[in-house]
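S.K.: Numbering (this note's numbering), first residue to last: 23 to 169. Every residue, glycine too, gets a C-beta built ideally from N, C-alpha and C.
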């Protein structure tokens, strides 16, 4: 977590894997490159996020303890950053789609016109840096729809 970030802990967190077809092509991770495989929705109280990340066999995602939050003014912006580390799962050889769903409490004082930004990052397994994982660096501005 970066120095100026406030830790925010998950209200809920679910991670499930779905097998992918054998011929499914998984792109290697890159330093840049948007991946729009995430959906977020917010209310004044809660931010809900769903992410789909393809991972090759023998990989697994490690659940982070929480996410980082930074705030800026003019316009008022809340920036959430979630980083996943990769681990090894020697028992699995088939490519899978990791489906992640989580929610976090929104900070107090969020207004209808405030901007919420979400960044999702995956750090590859340091023991296997050349292995393929889904191209998962995703930056998107999410404008919550308020009820």
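Roughly how many whole angstroms lie between the Cα atoms of residue 168 and residue 113?
M.R.: Within the chain shown, numbered from 1, the residue matching residue 168 stands at position 146. Within the chain shown, numbered from 1, the residue matching residue 113 stands at position 91. With a pLDDT of only 37 at residue 168, under 50, the local geometry of the prediction cannot be trusted, and the value read off the model is given with reservation. For residue 168 and residue 113, the distance between alpha carbons rounds to 44 Å.
S.K.: Please report how far the alpha carbon of residue 14 lies from the alpha carbon of residue 130, in whole angstroms.
M.R.: With the chain running from 23 to 169 in the structure shown, residue 14 is simply not present.
S.K.: Which value, in whole angstroms, describes the spacing of the CA atoms of residue 139 and residue 110?
M.R.: Reading the chain shown from its first residue, position 117 is the one you call residue 139. Reading the chain shown from its first residue, position 88 is the one you call residue 110. Looking at the two C-alpha atoms, the distance is approximately 30 Å.
S.K.: Just the C-alpha distance for residue 36 and residue 71, rounded to the nearest angstrom, thanks.
M.R.: Position 14 of the chain shown, counted from the start, is the residue given in the question as residue 36. Position 49 of the chain shown, counted from the start, is the residue given in the question as residue 71. Using only the alpha carbons, I get a separation of about 11 Å.
S.K.: Residues bridged to residue 108 by DSSP?
M.R.: As a working note, residue 108 is residue 86 in the chain shown. Paired residue(s): 83.
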